[in-house]
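So the structure is just underneath, and the comments pick up after that.
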Amino acid sequence: MEIPVIVGAGLVVIGVGMGIGRIGGSAMEAIARQPEAYGKIQTAMLI
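And the structure:
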């Protein structure tokens, strides 16, 4: 009974990590395109 719970938790952690990585990558691309919007992009990323 514990193994499915552990596998499920592992999948959730992997998914969350991929999502956070995608947010960070997209923010870096946006900052590279518009450096003057750094503050707004960073604020939106953190929220």
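The numbering used here puts the first residue of the sequence shown at 17, with every later residue one more than the last. Idealized CB from N, CA, C, for every residue including glycine.
DSSP state of I63, grouped into three classes? Taking the first residue of the sequence shown as 1, we reach residue 63 at position 47. Reduced to three states, the DSSP call for I63 is coil.
query = Would DSSP call Q58 helix, strand or coil?
reply = Start at 1 with the first residue of the sequence shown, and residue 58 comes out as number 42. Residue state, collapsed to three classes: helix.
- [ ] Report back the beta-carbon spacing between Y54 and I47 to the nearest angstrom; my notes put them in contact at under 8 Å.
- [x] By 1-based counting over the sequence shown, the position of residue 54 is 38. By 1-based counting over the sequence shown, the position of residue 47 is 31. The pair is a contact, with the Cβ atoms about 5 Å apart (cut-off 8 Å).
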